[in-house]
Each structure stands twice: as C-alpha cells, then as structure tokens.
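Residue numbers (my numbering): 200 to 280.
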C-alpha cells in the first residue's frame, strides 16, 4: 500500500514515484511467478493525490496527454504489459 495524501510533490516526482512502484511490482512478479506483469493497477488518486485539493477539479488535475501518457507508455513497454 502506498499513501497518496499529503503535500503533492509535483508531477514529475509523482510520476517517478509511480513508475518505481510499477518497477517493484514487476520485480515481485518475476521473482514469484517467473514472468512479467500483465497489468499494473494504481488507485484513481495516484497521480493527483488526496491531500490538499481545493477549488475546481481542473485546478489540481494534470492533462493525460504529454508527460503522463509518455511515462506510462514507456513503463508498459518496459514490463511489457
């Protein structure tokens, strides 16, 4: 379990945290089952966190296109999943 509340570390740092989690999941899958991941599932608030959101959703959301898509596409190809 990974908490995603508290002060948001910024988009790039959060993406780094999330890809590290997926990397650990991949390593655990390889060790336990001898194969890579089929699917990596993260909670719906993993990217934005649950801590200090105030105002409209658009004020604390991140666009899917750009860094988010590139990061997770790269991670999926690496696993591959």
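Ideal Cβ placement from N, Cα and C applies to all residues, glycine included.
For residue i, name the three-state secondary structure that DSSP assigns.
| i | result |
| --- | --- |
| residue 246 | coil |
| residue 206 | coil |
| residue 241 | coil |
| residue 214 | helix |
Does the Cβ of residue i have 16 or more other Cβ atoms within 10 Å, making it buried, or fewer, making it exposed?
| i | result |
| --- | --- |
| residue 256 | exposed |
| residue 221 | buried |
| residue 217 | buried |
| residue 263 | exposed |
Of all the options the options, which has the alpha carbon lying nearest to the alpha carbon of residue i?
| i | options | result |
| --- | --- | --- |
| residue 271 | 243, 254, 239 | 239 |
| residue 265 | 214, 204, 207 | 214 |
Using 8 Å as the threshold, is the C-beta distance between residue i and residue j below it?
| i | j | result |
| --- | --- | --- |
| residue 203 | residue 274 | no |
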